[in-house]
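Everything on this sheet refers to the single structure shown next.
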Amino acid sequence: MSETIEVLNPMGFPPAVAGKALAPRLPTLDGRTVYLVDCRFDDSDIFLEQMRAWLAEHLPGARAVVKRISSVYLNDDPATWEEIRTKGHAAVMGVGH
Amino acid sequence: MTLEGKYGVPTVAVHTDKFDRVVRSVAAVSGMPGLRQVFVPQPIMGKTARELRAYVDGVDPITGRPVMQEIVEGLTRPFAADEESPARFDRSTPRLVAPDTPERLERLFLDSHWTDGLPIVLPTEARVAAMLRGTGRKADEVVGRLRSTHFREHWEYTVEKVAVNAVMAGARPEYFPVILALAATGVTARSSSSSAMATMAVVNGPVRREIGMNAGTGAMGPYAHANATIGRAYGLLSQNLQGGSVPGLSYMGNQGNSYAYNSVTFAENEERSPWEPFHVQHGLAAGDSAVSVFSGCRSTAFTLGLRERQWRAHVGNLLRGMEPSIPPTLLLDPIAARQFVDRGGFVKKDALLDWIHDAARMPAREYWDYQLVQNYIYPRATFGEEPWASRLRAAPDALIHMFRREDIHAVVVGGETNGYWRIMGCTYQKTVSVDAWR
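Chains as they are written, first to last, in my numbering: chain A, 9 to 105; chain B, 95 to 532.
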């Protein structure tokens, strides 16, 4: 039987996590504008067009807008986020891988 | 998460099912464990509109519930009390592992995903103390921060934490300044990208000889202790100091990448190069020691020498065989480097890189149709970023540059047993002083 030894932990130091508030949900999508945000990953634009068509068929009271982000998904896009906040009521982001 | 947290817009994120664990993990460590997320089958890429409509009409493969029902509910159903995130929770890392036998500790390290699957040297206090004697820096000094991807949180680490991983890799204390410099780059050698990236590390200056690094025969293979263990340490410190590299959770490289075992770590053969050393091109003096890191390292091309009549066409063919969204770095044996001087008159390395830039062309219609060009370059072109915006205006049959000139590099390595050379598809990140970490 080997003797016990003590060794050091190789993991780094994670940041502390502070909870962030999520936005209140909407009572209904009727009469609201839902942004379908294309993250420009692979063929997500084709996918989101199908989602827009589904919403037009099944929830005609909701207005769906497909919006492509301004650059690659690695970059922040404050202009697009601001547009969604001022002109929209909800968002679907897709498709992250 | 930005839309939810910063702009107050109720949002649902849609992902493919292969990413369920990783995206839930990212949401949790970002303080939003209750973020509404919906999954569709993998892949999206290459599917027809009709096939993707079936995804929309279908069920979430993780929950079995209709995709659109989940999306509508995700935007309208109020949060239950247990979906709200905790105010804060501690994520500290203990300095020591609970004492145990060496055999059981080796198993613990393996099962905890703290290794690269190969046996490691257990980091005892004595071994770590010996490693720390390889630098004048204090053990508790913060070296930098790492993360496995753009979306994850940065983890922080000290000189001692780097030493622990250097011991595990089998490195010697005299290598430690190079390893610290690699840690200080902030460039991970364990990217979680689904493209299965690896990293390349090129060492320049006097430290190469001081610690016995190989720049000659077999430099890029398993034939020098310093090359092997410094590169392995770079990988281990990356995965552990950034918080892990676990398939399906924090590593998503679809095929993996065997270059990641030692991060293609070698010394440049400055003595046999016809050009100035790589680190001198990047602002350091020839007498300085430095390490330069490149990311990507997935695509390579290879040939022997330069033929008298058709070498220009041959090199052009190699370049067109590379993934056009990732720039080329030429890895030239000194024989091949001198052939470029003799055949092309490239007395200066910049002249060679200018010529490579000009030779790497393809028809615009082919270039813009590459998937990665569509993902990462086309969006930047459409918003006016040069040089891609101009290239986007080219006629479909026009031969356009595949790469930006400033992204093309060359390094001389090899022992002149022959004139073989290769091109590594990779992106130069930065050069860091080794002397600063002595």
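For every residue, glycine included, the Cβ atom is placed at its ideal position computed from N, Cα and C.
Excluding five sequence neighbours on each side, which residues of the same chain lie with their C-beta closer than 6 Å to the C-beta of residue i?
i	result
glycine 410 of chain B	Ala453
proline 160 of chain B	Val153
valine 123 of chain B	Glu247
glutamate 480 of chain B	none
Can you tell me whether residue i is helix, strand or coil according to DSSP?
i	result
glycine 238 of chain B	strand
proline 457 of chain B	strand
isoleucine 420 of chain B	coil
serine 285 of chain B	coil
glutamate 250 of chain B	strand
lysine 443 of chain B	helix
aspartate 491 of chain B	coil
asparagine 469 of chain B	helix
serine 332 of chain B	helix
valine 74 of chain A	strand
histidine 503 of chain B	strand
histidine 451 of chain B	helix
isoleucine 324 of chain B	helix
asparagine 298 of chain B	strand
valine 191 of chain B	strand
proline 428 of chain B	helix
isoleucine 13 of chain A	strand
lysine 112 of chain B	helix
glutamine 433 of chain B	helix
Smallest Cα separation from residue i: which of the options?
i	options	result
arginine 71 of chain A	A/Ala87, A/Pro86, A/Val100	A/Val100
glycine 238 of chain B	B/Thr252, B/Gly228, B/Arg302	B/Thr252
proline 421 of chain B	B/Arg221, B/Asp382, B/Leu466, B/Glu254	B/Leu466
serine 527 of chain B	B/Arg366, B/Phe440, B/Ala395, B/Thr279	B/Thr279
valine 281 of chain B	B/Ser332, B/Arg303, B/Glu235, B/Pro271	B/Ser332
aspartate 111 of chain B	B/Asn259, B/Pro135, B/Pro196, B/Arg455	B/Pro135
glutamine 615 of chain B	B/Thr229, B/Ser286, B/Ala445, B/Trp531	An answer regarding residue 615 of chain B cannot be provided, because it is not within the stretch 95 to 532 covered by chain B.
Residue i to residue j, Cα distance in whole Å?
i	j	result
proline 473 of chain B	arginine 40 of chain A	28 Å
threonine 476 of chain B	threonine 218 of chain B	55 Å
isoleucine 214 of chain B	glutamate 200 of chain B	7 Å
glycine 299 of chain B	glutamine 433 of chain B	24 Å
valine 301 of chain B	tyrosine 353 of chain B	23 Å
alanine 24 of chain A	alanine 489 of chain B	52 Å
lysine 524 of chain B	alanine 292 of chain B	15 Å
tyrosine 514 of chain B	leucine 276 of chain B	28 Å
tryptophan 482 of chain B	arginine 392 of chain B	23 Å
lysine 442 of chain B	glutamate 510 of chain B	21 Å
leucine 539 of chain B	tryptophan 405 of chain B	A question about residue 539 of chain B goes unanswered here, because the residues of chain B that appear run from 95 up to 532.
alanine 263 of chain B	alanine 327 of chain B	5 Å
glycine 519 of chain B	leucine 63 of chain A	43 Å
Compare the beta carbon distance of residue i and residue j with 7 Å and say whether it is the shorter of the two.
i	j	result
glycine 125 of chain B	alanine 26 of chain A	yes
threonine 209 of chain B	alanine 265 of chain B	no
valine 116 of chain B	glycine 102 of chain A	no
threonine 521 of chain B	serine 389 of chain B	yes
valine 297 of chain B	alanine 257 of chain B	no
glutamate 177 of chain B	valine 132 of chain B	no
alanine 224 of chain B	proline 267 of chain B	yes
threonine 359 of chain B	glycine 306 of chain B	no
methionine 19 of chain A	asparagine 334 of chain B	yes
isoleucine 517 of chain B	leucine 447 of chain B	no
tryptophan 249 of chain B	glutamine 336 of chain B	yes
proline 188 of chain B	asparagine 83 of chain A	no
proline 418 of chain B	alanine 31 of chain A	no
aspartate 234 of chain B	serine 383 of chain B	no
For residue i, I'd like the list of residues in its chain whose CB is within less than 7 Å of its CB, leaving aside the five on either flank, ordered along the chain.
i	result
glutamate 6 of chain A	Here chain A has residues from 9 to 105 only, and residue 6 of chain A is not among them.
asparagine 363 of chain B	Ala309, Gly310, Pro428, Val506, Val507, Gly508
phenylalanine 173 of chain B	Gly128
Ignore the nearest five residues each way along the sequence and tell me which others in residue i's own chain have a CB closer than 8 Å to its CB.
i	result
serine 10 of chain A	none
leucine 204 of chain B	Gly211
leucine 67 of chain A	Leu37, Asp38
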